[in-house]
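Respectively, the protein sequence lines represent chains L and S. Just so it is clear: in the first sequence, position 54 is 113 by the numbering used here, and no numbers are missing. Just so it is clear: in the second sequence, position 107 is 338 by the numbering used here, and no numbers are missing. Backbone N, C-alpha and C fix where the C-beta goes; we use that ideal spot for every residue, glycine too. Below: one structure, written as structure tokens.
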Amino acid sequence: MINDASVLFQIAGIGIIVALIHTILKQMGKEEIAQFATLVGFIIVLVIVINGLSDLFQQIRSVFLFQG
Amino acid sequence: MKWIGALLFIGTTTIVGFDVSNKLTKRPKHIRQLKNALQILEAEILYSQSPLKDAFTTITKQVPEPTKSFFGELSNRMNEKNANLYHVWDEAIKELMQNSSLGNNEQEILLQFGRTLGQHDFTQQQKHIQLTVNHLDRELAEARDQQYRYSKMAKTLGVLSGLFIVLLLI
């Protein structure tokens with residue numbers, strides 16, 4: 060449970076910082092790099108979330124199907 | 232322990248960001264110094280009509296680092312026996328590139344200028360110096376533009392990327 064909360068904060072922090080990087084790069088006229096940075100941030104968050112989801116499904120499988 | 236590592240990491244990326252920004256800020260300054268030095272060289276050649284070695288010594292007295300050590304090196308190496316100005320100039324430029332924040336364009340301009348130095352009469356030489364000063368002016372404008380745009384961005388990006396990676400690793 061404590062782990063879950065820390066993952067939430069981590070994702071929130073990554074979101075805030077990627078948003079800041081995007082804003083600064085956009086201000087300086089580097090639109091493509093700004094888009095790219097946002098994309099990278101999104102993919103990283105996606106990987107974290109998918110890890111959590113796969114854990115969840117493993118738990119469900121082990122509860123209902125009695126196998127690892 | 233984890234937090235000490237995180238702080239150290241953020242500190243490192245911040246310093247890298249500041250270093251990049253510092254380099255961007257110093258480039259226009261160094262280009263301006265070079266322009267000044269070339270103007271002094273022109274005056275030495277046209278009005279004092281001194282040989283290049285003496286001209287370099289005079290320039291060394293009048294400009295700040297790192298251009299100072301460049302011309303100092305030049306006049307020192309020209310004192311050696313059978314020194315070839317072209318090779319001496321090439322090697323001194325290589326050293327100058329390591330000591331200063333000048334870019335590749337400036338290096339190319341200076342190398343081209345070195346090929347013309349001491350080969351022509353007064354008018355031709357003056358024309359070549361004017362041409363080099365013009366090239367440097369163009370580079371100066373570009374360097375100023377880049378400094379204005381990117382020096383702040385480099386600082387902020389340094390801090391932010393440090394924070395980002397620390398958040399990933401925690």
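Next item on the list: Figure out for me which residue from S:Arg-308, S:Ser-306 and S:Arg-258 has the closest Cα to the Cα of Tyr-381 (chain S).
Entry: It is S:Arg-258 whose Cα lies nearest to the Cα of Tyr-381 (chain S).
Note to self: Please state the DSSP three-state secondary structure of Val-99 (chain L).
What the structure shows: Secondary structure at Val-99 (chain L): helix, using DSSP grouped into helix, strand and coil.
Check: Given that Gln-69 (chain L) touches chain S, what residues does it touch there, using C-beta distances under 9 Å?
Finding: Simply Leu-398, Leu-399 and Ile-401.
Notebook entry, point to check: Residues of chain L with CB under 9 Å from Leu-255 (chain S), in chain order?
Noted result: Correct list: empty, because the minimum Cβ distance to chain L is about 12 Å.
Next item on the list: Give the C-beta separation of Leu-265 (chain S) and Leu-367 (chain S) to the nearest angstrom, bearing in mind that I take them to be a contact with Cβ-Cβ under 8 Å.
Entry: Cβ atoms of Leu-265 (chain S) and Leu-367 (chain S) come within 8 Å of each other, at about 6 Å.
Checklist line | For Thr-387 (chain S) and Leu-112 (chain L), the rounded distance between their alpha carbons | finding: Rounded to the nearest whole angstrom, the CA to CA distance from Leu-112 (chain L) to Thr-387 (chain S) is 34 Å.
Notebook entry, point to check: For Thr-245 (chain S), which residues of its own chain have a beta-carbon under 7 Å away from its beta-carbon, when the five flanking residues on both sides are left out?
Noted result: The residues are Gly-389, Val-390 and Gly-393.
Next item on the list: Rounded to whole angstroms, what's the CA-CA distance from Ala-64 (chain L) to Ile-70 (chain L)? Just pull it up for me.
Entry: Their Cα atoms are separated by approximately 10 Å.
Margin query: Can you look up Ser-297 (chain S) in the DSSP assignment and give me helix, strand or coil?
Written below: Reading the sequence as shown, one finds Pro at residue 297 (chain S) and not Ser. Residue state, collapsed to three classes: coil.
Check: Under a CB-based cut-off of 8 Å, is Leu-115 (chain L) close to chain S?
Finding: Taking Cβ atoms only, chain S never reaches closer than 8 Å to Leu-115 (chain L), which makes this a no.
Notebook entry, point to check: What does a CB cutoff of less than 7 Å around Arg-263 (chain S) pick up in its chain, not counting 5 residues either side in sequence?
Noted result: Leu-371.
Item checked: Environment of Pro-297 (chain S) [buried if 16+ CB atoms lie within 10 Å] -> Buried, by the Cβ-count rule.
Item checked: C-alpha gap between Ala-96 (chain L) and Ile-241 (chain S), whole angstroms -> When only Cα atoms are considered, Ala-96 (chain L) and Ile-241 (chain S) end up about 19 Å apart.
Check: Does the Cβ of Met-60 (chain L) have 16 or more other Cβ atoms within 10 Å, making it buried, or fewer, making it exposed?
Finding: With a pLDDT of only 45 at Met-60 (chain L), under the threshold of 50, the placement of this residue in the model should not be trusted, and no figure is reported.
Notebook entry, point to check: Apart from the five residues just before and just after Ala-323 (chain S), which ones in its own chain have a Cβ nearer than 6 Å to its Cβ?
Noted result: Counting only Cβ-Cβ distances below 6 Å, and skipping sequence neighbours, we find Phe-301, Glu-304 and Leu-305.
Notebook entry, point to check: Taking only beta-carbon atoms, is Gly-111 (chain L) less than 8 Å away from chain S?
Noted result: The Cβ of Gly-111 (chain L) sits no closer than 8 Å to any Cβ of chain S.
Item checked: Inter-residue CB distance, Leu-398 (chain S) and Ile-76 (chain L) (contact presumed, cutoff 8 Å) -> With 8 Å as the limit, Leu-398 (chain S) and Ile-76 (chain L) qualify as a contact, their Cβ atoms being about 7 Å apart.
Margin query: Residues in the same chain with beta-carbon distance under 8 Å from Asp-114 (chain L), minus the five sequence neighbours each way, listed in chain order, please.
Written below: Taken in chain order, the list of residues that qualify is empty.
Item checked: Of the listed residues S:Lys-284, S:Thr-291 and S:Ile-340, nearest to Leu-316 (chain S) (C-alpha basis) -> The shortest C-alpha to C-alpha distance from Leu-316 (chain S) to any of S:Lys-284, S:Thr-291 and S:Ile-340 is the one to S:Lys-284.
Notebook entry, point to check: Would Ile-92 (chain L) count as contacting chain S if we go by Cβ distances under 8 Å?
Noted result: Using beta-carbon distances, Ile-92 (chain L) does not count as an interface residue toward chain S, since no partner is under 8 Å.
Note to self: Is there a Cβ of chain S sitting closer than 8 Å to that of Ile-119 (chain L), yes or no?
What the structure shows: Output row for Ile-119 (chain L): interface = no.
Notebook entry, point to check: First and last residue of the alpha helix (DSSP H) that includes Ile-360 (chain S)?
Noted result: Unbroken alpha helix (DSSP H) run through Ile-360 (chain S): 353–400.
Check: Within the 8 Å Cβ cut-off, does Ile-102 (chain L) reach chain S?
Finding: In terms of beta-carbon proximity, Ile-102 (chain L) stays away from the interface with chain S, with every pair separated by 8 Å or more.
Checklist line | Contact under 8 Å by Cβ, Leu-239 (chain S) with Thr-363 (chain S) | finding: Cβ distance not < 8 Å, so Leu-239 (chain S) and Thr-363 (chain S) don't count as in contact.
Note to self: For Gly-72 (chain L) and Phe-395 (chain S), I'd like the C-alpha separation in whole angstroms.
What the structure shows: Approximately 8 Å, taken between the alpha carbons.
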